[in-house]
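Everything below concerns the one structure shown next.
Protein chains: 2
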Amino acid sequence: MKPLRRTVDLRQANTQVILRHLCFNGSMSRMEISLQTQLSAGMVTNVTSELLQSGVLIEKGLEESSGGRPRTIVDINPRHGYLIGVDLGETQVALELFDLKMNKLCTTLEPVAQEEDMLAQYICILQRGCQNLMMQAGLSPEKILGVGIGVPGIVEHNGQVSVAAPMWNWRSEPVLELVEQAVGLPVYIDNGAKAMTLAESWFGAGRGVQDMAVILIGTGIGAGIITKGALYRGATNSAGEWGHTKIVLHGRQCRCGGQGCLEAYVGAPGILASQREAGGHPQDDQFVAVGQLVDAYQRGDPTAERVMQDLTQVLGIGIANLVNLFNPERIEIGGWAGLLIGGALLDDLTACVKQNALPLSTKELSISLCQLGEDAICTGAACLVLEEFLSANLKFNRGIY
Amino acid sequence: MKPLRRTVDLRQANTQVILRHLCFNGSMSRMEISLQTQLSAGMVTNVTSELLQSGVLIEKGLEESSGGRPRTIVDINPRHGYLIGVDLGETQVALELFDLKMNKLCTTLEPVAQEEDMLAQYICILQRGCQNLMMQAGLSPEKILGVGIGVPGIVEHNGQVSVAAPMWNWRSEPVLELVEQAVGLPVYIDNGAKAMTLAESWFGAGRGVQDMAVILIGTGIGAGIITKGALYRGATNSAGEWGHTKIVLHGRQCRCGGQGCLEAYVGAPGILASQREAGGHPQDDQFVAVGQLVDAYQRGDPTAERVMQDLTQVLGIGIANLVNLFNPERIEIGGWAGLLIGGALLDDLTACVKQNALPLSTKELSISLCQLGEDAICTGAACLVLEEFLSANLKFNRGIY
DNA sequence: AAATATAATTTAATACTTAAAATAAGTCTT
DNA sequence: AAGACTTATTTTAAGTATTAAATTATATTT
Numbered sequence: 526m527k528p529l530r531r532t533v534d535l536r537q538a539n540t541q542v543i544l545r546h547l548c549f550n551g552s553m554s555r556m557e558i559s560l561q562t563q564l565s566a567g568m569v570t571n572v573t574s575e576l577l578q579s580g581v582l583i584e585k586g587l588e589e590s591s592g593g594r595p596r597t598i599v600d601i602n603p604r605h606g607y608l609i610g611v612d613l614g615e616t617q618v619a620l621e622l623f624d625l626k627m628n629k630l631c632t633t634l635e636p637v638a639q640e641e642d643m644l645a646q647y648i649c650i651l652q653r654g655c656q657n658l659m660m661q662a663g664l665s666p667e668k669i670l671g672v673g674i675g676v677p678g679i680v681e682h683n684g685q686v687s688v689a690a691p692m693w694n695w696r697s698e699p700v701l702e703l704v705e706q707a708v709g710l711p712v713y714i715d716n717g718a719k720a721m722t723l724a725e726s727w728f729g730a731g732r733g734v735q736d737m738a739v740i741l742i743g744t745g746i747g748a749g750i751i752t753k754g755a756l757y758r759g760a761t762n763s764a765g766e767w768g769h770t771k772i773v774l775h776g777r778q779c780r781c782g783g784q785g786c787l788e789a790y791v792g793a794p795g796i797l798a799s800q801r802e803a804g805g806h807p808q809d810d811q812f813v814a815v816g817q818l819v820d821a822y823q824r825g826d827p828t829a830e831r832v833m834q835d836l837t838q839v840l841g842i843g844i845a846n847l848v849n850l851f852n853p854e855r856i857e858i859g860g861w862a863g864l865l866i867g868g869a870l871l872d873d874l875t876a877c878v879k880q881n882a883l884p885l886s887t888k889e890l891s892i893s894l895c896q897l898g899e900d901a902i903c904t905g906a907a908c909l910v911l912e913e914f915l916s917a918n919l920k921f922n923r924g925i926y
Numbered sequence: 526m527k528p529l530r531r532t533v534d535l536r537q538a539n540t541q542v543i544l545r546h547l548c549f550n551g552s553m554s555r556m557e558i559s560l561q562t563q564l565s566a567g568m569v570t571n572v573t574s575e576l577l578q579s580g581v582l583i584e585k586g587l588e589e590s591s592g593g594r595p596r597t598i599v600d601i602n603p604r605h606g607y608l609i610g611v612d613l614g615e616t617q618v619a620l621e622l623f624d625l626k627m628n629k630l631c632t633t634l635e636p637v638a639q640e641e642d643m644l645a646q647y648i649c650i651l652q653r654g655c656q657n658l659m660m661q662a663g664l665s666p667e668k669i670l671g672v673g674i675g676v677p678g679i680v681e682h683n684g685q686v687s688v689a690a691p692m693w694n695w696r697s698e699p700v701l702e703l704v705e706q707a708v709g710l711p712v713y714i715d716n717g718a719k720a721m722t723l724a725e726s727w728f729g730a731g732r733g734v735q736d737m738a739v740i741l742i743g744t745g746i747g748a749g750i751i752t753k754g755a756l757y758r759g760a761t762n763s764a765g766e767w768g769h770t771k772i773v774l775h776g777r778q779c780r781c782g783g784q785g786c787l788e789a790y791v792g793a794p795g796i797l798a799s800q801r802e803a804g805g806h807p808q809d810d811q812f813v814a815v816g817q818l819v820d821a822y823q824r825g826d827p828t829a830e831r832v833m834q835d836l837t838q839v840l841g842i843g844i845a846n847l848v849n850l851f852n853p854e855r856i857e858i859g860g861w862a863g864l865l866i867g868g869a870l871l872d873d874l875t876a877c878v879k880q881n882a883l884p885l886s887t888k889e890l891s892i893s894l895c896q897l898g899e900d901a902i903c904t905g906a907a908c909l910v911l912e913e914f915l916s917a918n919l920k921f922n923r924g925i926y
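Line order of the protein sequences matches chains U and S.
Under my numbering, residue 926 is the last one in the first sequence; the count climbs by one each step, no gaps.
Under my numbering, residue 926 is the last one in the second sequence; the count climbs by one each step, no gaps.
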């Protein structure tokens with residue numbers, strides 16, 4: 526948020542306060558808004574009237590009263606605008622349409638082929654997918670506030686927005702510009718883990734937590750970090766690249782070219798490699814194989830036990846390092862592999878973290894699993910748009926400021 | 526900074542903008558303030574008149590003019606208030622007195638004895654030291670805005686402020702309260718590395734850098750992290766505990782009880798241990814021994830070369846991990862051992878970091894040595910007080926807000 | 001139907017910012 | 001040396017914001 530220097534900025538700030546409060550805490554009466562935000566009643570009346578008039582808010586009936594005028598409930602108007610969230614995956618692209626209250630309205634899933642020019646294919650898919658969603662919901666493009674995209678690469682914010690993704694040989698592609706031209710809607714792009722972290726922080730298990738980290742374990746490993754209630758991006762938006770931090774000096778070779786990266790041990794391929802080293806014979810399909818490993822562990826299979834214990838150790842140290850550096854108040858574990866592993870050994874993992882991190886940093890720390898399901902990345906991507914709407918709102922709904 | 530909701534908050538915010546601008550950019554004319562802060566000329570007049578009247582600012586003569594009324598230069602009044610900064614060390618306590626422009630006025634050094642009750646001794650030293658400084662400068666206690674203390678332990682902000690320092694067997698001592706009572710002045714305490722980071726960010730090599738990390742290598746290892754131009758503290762003020770992040774699985778035993786901590790390899794005792802492992806015979810005195818090692822390395826001694834190369838590797842990976850997670854735009858290396866090592870192999874170290882961190886995070890990264898000298902911790906500790914003065918200023922200099 | 005209670009809006013007072021006008025304080029020209 | 005000119009700073013008038021208090025609205029209770 527920009528520094529406030531003029532009186533008109535104040536109104537804008539207070540409008541944001543009210544809008545965000547409603548967005549994160551649900552509908553409520555003006556009276557409650559006033560009490561919870563510490564804005565005066567008159568203030569709330571003024572701001573809400575403006576927002577009611579511009580259609581961002583609606584009145585939603587009365588509260589029960591036990592004597593006295595009943596409180597009128599105001600809420601965000603879900604139909605004031607719509608958001609598209611995209612999970613740009615390696616094998617498929619999921620697109621979801623949300624209303625302004627983040628209700629999921631419809632979905633479309635587009636398969637990805639192995640082609641020469643992946644970028645062209647993805648742009649084509651996005652164009653088709655957005656059209657599809659608008660058709661399904663019967664919405665015209667003007668009603669769409671923007672398209673948020675979560676990608677499995679590194680998104681650089683450096684003048685323009687560019688994406689680097691090794692598996693597609695993207696070094697620094699100006700994806701945002703290209704997609705925006707093709708789709709004809711405002712586009713926001715960020716790393717999938719960051720998008721998911723935002724979703725988890727706003728609408729998942731991390732509601733109201735000021736400092737937390739979300740850890741995403743799948744084929745690759747990602748992390749998103751929330752500080753002071755907001756996504757932490759660092760200088761060029763590549764903060765939180767936890768997967769390739771090294772925890773074993775001269776350790777296992779990682780696909781990134783480095784040695785001893787966390788990902789080489791904790792990512793699904795790494796876990797299966799450990800299993801093979803321990804004499805196990807995992808299936809080819811990563812998802813099935815990790816599931817079987819966790820099953821075997823829970824049945825008490827000695828090989829699986831050894832593999833899982835080593836995994837706990839490495840992952841626990843990795844998390845402890847994160848905790849020592851960021852001192853979050855909560856860690857959330859997600860991703861398909863993360864949920865499988867975390868479900869099986871959350872207690873052991875917590876113990877290992879507490880053993881390896883500073884006592885003062887772990888005293889108030891809680892470790893839990895992510896709440897949002899399969900479409901967390903889509904939700905998070907839509908949150909990128911929502912964030913923009915919440916901050917820039919006044920530019921769209923009021924005069925010249 | 527608190528959210529601004531009232532019109533009076535605006536004036537407070539704008540006062541801070543001007544005060545900070547003068548503090549970090551030096552004296553300048555009202556005109557320049559107006560241009561650089563984007564506040565209107567009238568605004569600057571109003572705020573500066575208030576600050577002139579309350580004695581926080583002074584007028585300091587005229588600028589050269591080539592036609593037209595010359596600009597009057599305003600500046601922070603160095604004699605409006607004074608700050609005491611303390612470096613609470615294991616062998617000695619250094620106290621320094623600064624004026625409001627951070628000019629060092631006088632110093633006192635108090636030796637520390639090995640006693641039963643260290644806490645009582647330190648409080649006694651602080652009391653005596655502050656008295657001493659005020660005597661030397663001929664100042665009454667009312668003129669002292671506060672005492673900032675940098676301690677070599679972990680300072681918890683959790684309701685009250687408490688300090689944990691293993692070497693003195695302090696688990697969670699209410700040091701702030703005790704010192705405040707004894708000294709009779711407002712006291713601010715933080716970890717020494719954090720204090721130093723603040724100083725380096727405000728008045729050292731990190732001026733104007735929004736995201737950076739300062740690394741302190743001595744007997745122990747510390748780090749301080751600046752994000753968005755401010756010290757990053759995490760949930761309970763124990764963020765940045767980099768020294769005990771693990772980079773070698775099942776590695777060398779660390780004095781913290783863990784295994785493979787960075788400190789066990791990069792802290793002075795760790796470096797000397799590596800030297801012994803390589804067949805070297807370092808002196809007993811850490812400071813002398815590390816100096817000799819660096820000398821030997823620069824003379825081309827093969828053993829020293831091996832030790833230093835391994836050290837570069839470990840330190841480089843540790844920094845790379847930090848870079849991957851925080852994505853700073855600058856890393857500064859300080860501490861007595863850090864300056865020795867960094868001076869000798871900054872280039873190798875930089876190369877190692879670039880090799881082990883993500884290309885996107887290192888593209889704009891620069892690694893350099895700290896600028897502030899011996900008394901960086903004292904300066905930083907005084908900055909803790911200055912920070913408070915700059916933010917709370919209005920509470921002291923204006924009415925009831 | 002009147003009394004009472006609470007919510008929401010309006011009003012009157014006050015504070016802050018700014019653009020423009022006025023004033024201050026120099027240099028330059030003649 | 002006086003007046004013209006230039007630029008800095010202050011003052012002023014207008015506009016916008018917030019808030020406490022008064023008012024109005026809308027329910028329940030008696």
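Just so you know, even glycine gets a beta-carbon here, dropped at the ideal spot from N, CA and C.
Let me check understanding here. Comparing Cα to Cα, which of the options lies closest to residue i?
i	options	result
S/R604	S/Q778, S/L864, S/K626, S/C781	S/K626
S/A798	S/D835, S/T597, S/H775	S/D835
S/Q735	S/I674, S/F851, S/A882	S/F851
U/V618	U/E641, U/L547, U/C649, U/R594	U/C649
U/V940	U/V599, U/S763, U/E889	Absent from the structure is residue 940 of chain U, since the part of chain U shown begins at 526 and ends at 926.
Who are the neighbours of residue i on chain S, taking C-beta pairs under 8 Å?
i	result
U/I679	L883, L885
U/E725	The premise fails here: U/E725 is roughly 17 Å from chain S at the closest Cβ pair, so nothing lies under 8 Å.
U/Q735	A760
Quick one: is residue i near chain U, going by C-beta distance under 9 Å?
i	result
S/Q646	no
S/K629	no
S/L909	no
S/V791	no
S/G898	no
S/L774	yes
S/I928	The shown model of chain S, from 526 to 926, leaves out residue 928 of chain S, and the question about it has no answer.
S/L919	In this prediction, S/L919 scores a pLDDT of 46, lower than 50, which makes its location untrustworthy; the coordinate-derived value is nonetheless stated afterwards. Taking Cβ atoms only, chain U never reaches closer than 9 Å to S/L919, which makes this a no.
Of all Cβ atoms in chain S, is any one closer than 9 Å to the Cβ of residue i?
i	result
U/S916	no
U/T770	yes
U/I925	Residue placement at U/I925 cannot be trusted, given a pLDDT of 25 that sits under 50; what the coordinates show is reported in the next sentence. Not an interface residue.
U/T752	yes
U/V839	yes
U/Y713	no
U/N571	no
So with CB distances below 7 Å, who are the chain U contacts of residue i?
i	result
S/E889	A760, T761
S/E854	A760
S/G783	N881
Could you tell me which chain U residues have their CB closer than 8 Å to the CB of residue i, listed as they occur along the chain?
i	result
S/W767	N849, L850
Residues of chain S with CB under 7 Å from residue i, in chain order?
i	result
U/N539	R530
Note down, in chain order, every chain U residue with its Cβ under 9 Å from the Cβ of residue i.
i	result
S/G684	Per Cβ cutoff of 9 Å: no residues; S/G684 is ~11 Å from chain U at best.
Quiz prompt | Contact the segment 682-702 of chain U vs the segment 819-832 of chain U: 3+ CB pairs below 8 Å | solution = no
Quiz item: Would you say the segment 838-853 of chain U touches the segment 876-884 of chain U, given that touching needs at least three Cβ pairs under 8 Å?
Solution: yes
Exercise. Answer yes if the segment 626-638 of chain S comes into contact with the segment 597-615 of chain S, meaning at least three C-beta pairs across the two stretches below 8 Å, and no otherwise.
Key: yes
Quiz item: Pairing CB atoms from the segment 779-792 of chain S with CB atoms from the segment 742-759 of chain U, are three or more of them under 8 Å?
Solution: no
Quiz item: Quick one: complete beta strand (DSSP E) runs, 3+ long, within the segment 882-918 of chain U?
Solution: 891-894
Practice problem: Specify whether the segment 720-732 of chain S and the segment 904-919 of chain S touch according to this definition: at least 3 beta carbon pairs, one from each stretch, less than 8 Å apart. | Solution: yes
Quiz item: How do the segment 720-740 of chain U and the segment 892-900 of chain U stand: do at least 3 beta-carbon pairs fall below 8 Å, yes or no?
Solution: yes
Exercise. Determine contact between the segment 606-618 of chain S and the segment 644-659 of chain S, defined as no fewer than three beta-carbon pairs at a distance below 8 Å.
Key: yes
Practice problem: Decide if the segment 784-794 of chain U is in contact with the segment 756-773 of chain U; the criterion is three or more beta carbon pairs, one per stretch, under 8 Å apart. | Solution: yes
Quiz item: If we count Cβ pairs, one from each stretch, closer than 8 Å, do we get three or more for the segment 535-552 of chain U versus the segment 542-557 of chain S?
Solution: no
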